[in-house]
Structures are given as C-alpha cells and as structure tokens.
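**Q** Under the numbering used here, the first residue of the sequence shown is numbered 8, with each subsequent residue one higher.
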Amino acid sequence: MSFAITRRTALAAAAATGAATLLSPSEALAATLRYAHVGAAGDVQTRFAEELATLARTKSGGKTDIRVFPNSQLGGVSEMVDGVQQGSIQMGHHDFAALAKFVPEIGVFNAPYIYRDGEHALRATDPDTSPVLKEINDKLVAASGVRIVGRIYRGARHISSKFPVRSPADLANRPFRAVPLALWVSMVKGFGAVPTPVEVAELPTALMTGLVIGQENPLTMISANKLFEVQSHVSMTGHMISLLAVFANDRAWQRLPADERAAVTEALREKGTESFAWAKADEARLVGELQGRGMTFITPENGLNQAAFREAVLKQVNADFPTWAPLIARIGQIS
8 MSFAITRRTA
18 LAAAAATGAA
28 TLLSPSEALA
38 ATLRYAHVGA
48 AGDVQTRFAE
58 ELATLARTKS
68 GGKTDIRVFP
78 NSQLGGVSEM
88 VDGVQQGSIQ
98 MGHHDFAALA
108 KFVPEIGVFN
118 APYIYRDGEH
128 ALRATDPDTS
138 PVLKEINDKL
148 VAASGVRIVG
158 RIYRGARHIS
168 SKFPVRSPAD
178 LANRPFRAVP
188 LALWVSMVKG
198 FGAVPTPVEV
208 AELPTALMTG
218 LVIGQENPLT
228 MISANKLFEV
238 QSHVSMTGHM
248 ISLLAVFAND
258 RAWQRLPADE
268 RAAVTEALRE
278 KGTESFAWAK
288 ADEARLVGEL
298 QGRGMTFITP
308 ENGLNQAAFR
318 EAVLKQVNAD
328 FPTWAPLIAR
338 IGQIS
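1) Which residues does DSSP pair with G157 in a beta bridge?
2) Cα-Cα, which of L234, R276, S230, T65 is closest to L214?
3) For the beta strand (DSSP E) containing F170, list its first residue and its last residue.
4) Can you give me the C-alpha to C-alpha distance between G279 and P225, rounded to a whole angstrom?
5) Let's test the definition: count the other Cβ atoms within 10 Å of the Cβ of A20 and tell me whether it reaches 16, buried, or not, exposed.
6) How about H44 and A56: are their beta carbons less than 9 Å apart?
7) What does V207 pair with, by DSSP beta-bridge criteria?
8) Between the beta-carbon of Y160 and the beta-carbon of G99, is there less than 9 Å?
9) For V148, which residues from the same chain have a beta carbon less than 6 Å from its beta carbon, with the 5 sequence-adjacent residues on both sides left out?
10) With a threshold of 8 Å on Cβ separation, who are the neighbours of L140 within its own chain once the five nearest residues in sequence on each side are excluded?
11) Which residues in the same chain as M247 place their Cβ atom closer than 6 Å to its Cβ, once the five residues preceding and following it in sequence are excluded?
12) Please confirm whether S239 and K287 have their CB atoms less than 9 Å apart.
13) Assuming A274 and K70 are in contact, meaning their beta carbons sit under 8 Å apart, how far apart are those beta carbons, in whole angstroms?
14) What is the C-beta distance between D50 and G162, in whole angstroms, given that I count them as a contact (C-beta under 8 Å)?
15) Using the three-state DSSP reduction, which class does G90 fall into: helix, strand or coil?
16) For the pair the stretch 301 to 320 and the stretch 171 to 187, tell me if three or more CB-CB distances fall below 8 Å.
Right under this line is the structure:
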C-alpha cells in the first residue's frame, strides 16, 4: 500500500505524539495506518476499531494494515484530533463535536434529542448518503484536511450519579462532568448542573474525589470504565443517541490506492451497521449486569421526569446554537 513509511518517518511521527516507544523498528518499517481513540477495553468503540482493522486487512487482501492505539495512548481528544489533522495519526474516532473547532456546525450530529431512533441516526450520519453530512464534510476537508469516513453507533447516553436524579432540579448547581466541548457544556447547563470539563481517562478519579458528582455516557462506557465503583444510580434519560465520527487525514486517505480505499470504506460501512446491533444487545444485558454491581436504575416508571430534561436541555442548546435550527430540520427530514 502507498503508506509505506520509513523507520525514521514513523519514529518521528510517534515522537510528535509522545508515543515513540509504541513502535518497534519492525513496526516502523511496516505499511501502517495509525488509528487512535480514547475508548477503554470493553467499550463498543474499542471493539469497532479492532474489528475494523481485521476486516479491512481481509477485504484488501492483506495490503491495508490499520494499527489501533486505544485508551488515549496517543493523547486525549484534542491531541488525537490534532494528530490526525497533522498526519502523524492517520485515523481516529470521537464525537462529531470534537471536530467543531474546524467547522462549528458539525456538532449538530451530536445534538441531544435530534434523532427519531437509532436507524434514523445511522442514516443521518452516513458519509456516503446523508446530504447534510456530505455538505458539512466538504467544509471540513477544506478547513482542516480531515475527512469523516464512517461512524460508530454507541447507544443512548444516560446520567449516572452518586444519588437519585429524577429531574434537572436534582442537579441544580452541582458540579457535573462535561465532555470538554461546547455542545456538552451547553447540555450540562440544561441539566441544571455546573459543567466541569474532565477528560475520560481522568473521569473515575474525578468522580471518586467529588470533583464531579455525576456524568453521562452509554451503559457500555459506564461498565467498561467501572464507574459502578464510584456511582450508585443511573437515570435512563436517553438524552442523546451517541454516534462517533470516524475520521481520517484526507491527504493520507486520498493516497490510498483506490482498491484499498474501497476496502476500508466497505469495512467501515459494515462495522458501522454492526455497531448498532452490538449497542442494542449490550444495553439490554448491561442493565442487569450493572444492577448486579449495586447500581439503581431510575426510569419513568419510578419517577424519572424525561419531559423536564428534554425541555430544559433543548431550551439551553437552542439558545447557545441558534444557527443549527435549519440543519436540525433537514436532519429530521432524512428518511
């Protein structure tokens, strides 16, 4: 494949991200796409990256080697996104809003209460067929040299906390973890809480020490990061359908021979669809598993006021991102 890189170049790229020790001399001489993400073992996003690498290699007849660096090995979200832009990392994934510093409106794909269901979310974020994403993707490439090439379905995000949370009033003026992105800060304000940015790798410690009293994520992440050790309750708000954008350095992507790029694209499409099935199965299983770990689930049947969360969050997000209204309407029209 055309990504054959010299040992000197590979080691320089690794050094630029603080990860020079991750590549052995033999690995540095290999033709490799470096793929970074912040997910921990057991999360659906980690499974996606690992299986994508295997499937892409198979579909390309062994020519495409994707080397995965999980769990923030090549840095946190900002470092990973910057690495992809610079080309020291060829691929990665994170929330669409992680790319909003290049094209602000791309964060709309992570907006709360925007999708009808999981199938709609997958269609709206398909880089090959979604008219809204294709339009924004063109802007992203022009602004940053980064291209969205796929997406991962992680499932609905829910609130976990150290005490029962049934409405935004229960979180009023309390420090709550926000993903260090503007959209999350806005959403957490809508929860009624005080947004406190915390990187995912630091989250268990932040919850244990009381820096924040709660967070929101899919159940897969709550389980994979063992947040049941520092949280007692899960409020099944389902406030956001979590999809992660898979993105690549566009120059590196275009340098792939057409057959290899097609193989990776096909693998991305297949694994994106499969991730939806994984997430649905995992959520059903994880409710019981987390209950067995001592967590109490709060649902509409035992007092969760989902309407209050929806109203408060949408009011805040609409105030903070008024230009998103036309995009949200267009996304809603995707069938």
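Cβ atoms here follow ideal geometry from the backbone N, Cα and C, with glycine treated the same way.
What you are looking at is a predicted structure, and each value in this text was computed from that prediction instead of being measured.
**A** Reading from the atomic positions:
1) For this step, residue 157 is matched to residue 150 along the sequence shown. Paired residue(s): V253.
2) Mapped onto the sequence shown, residue 214 falls at position 207. Checking every option, the nearest Cα to that of L214 belongs to L234.
3) Within the sequence shown, residue 170 is the residue found at index 163, counting from 1. No beta strand (DSSP E) holds F170; DSSP gives it neither H nor E.
4) What you label residue 279 is simply residue 272 of the sequence shown in a count that begins at 1. What you label residue 225 is simply residue 218 of the sequence shown in a count that begins at 1. Roughly 17 Å between the two C-alpha positions.
5) Residue mapping note: residue 20 aligns to position 13 of the sequence shown, counting from 1. Confidence at A20 is low in this model, with a pLDDT of 43, below 50, so the placement of that residue should be treated as unreliable; the coordinate-derived value is given next. Counting Cβ neighbours within 10 Å, A20 comes out buried, since at least 16 surround it.
6) Numbered from 1 along the sequence shown, position 37 holds the residue referred to as residue 44. Numbered from 1 along the sequence shown, position 49 holds the residue referred to as residue 56. Yes. Within cutoff.
7) The residue labelled residue 207 in the question sits at position 200 within the sequence shown. Looking at the DSSP assignment, V207 forms no beta bridge with any residue, so it has no partner.
8) Position 153 of the sequence shown, counted from the first residue, corresponds to residue 160. Position 92 of the sequence shown, counted from the first residue, corresponds to residue 99. For Y160 and G99, no; Cβs fall outside 9 Å.
9) The residue given as residue 148 occupies position 141 in the sequence shown. Same-chain partners within the cutoff: R154, D257.
10) Numbered from its first residue, the sequence shown carries residue 140 at position 133. So the list reads F116, A131, T132, D133, P134, I155, once near-sequence residues are dropped.
11) Counted from its first residue, the sequence shown places residue 247 at position 240. So the list reads P119, R164, once near-sequence residues are dropped.
12) Numbered from 1 along the sequence shown, position 232 holds the residue referred to as residue 239. Numbered from 1 along the sequence shown, position 280 holds the residue referred to as residue 287. No, the Cβ-Cβ distance between S239 and K287 is not below 9 Å.
13) In the sequence shown, the residue the question calls residue 274 occupies position 267. In the sequence shown, the residue the question calls residue 70 occupies position 63. No, A274 and K70 are not in contact; Cβ-Cβ is about 13 Å, not under 8 Å.
14) Taking the first residue of the sequence shown as 1, we reach residue 50 at position 43. Taking the first residue of the sequence shown as 1, we reach residue 162 at position 155. No, D50 and G162 are not in contact; Cβ-Cβ is about 10 Å, not under 8 Å.
15) Position 83 of the sequence shown, counted from the start, is the residue given in the question as residue 90. G90: helix per DSSP, three-state reduction.
16) yes
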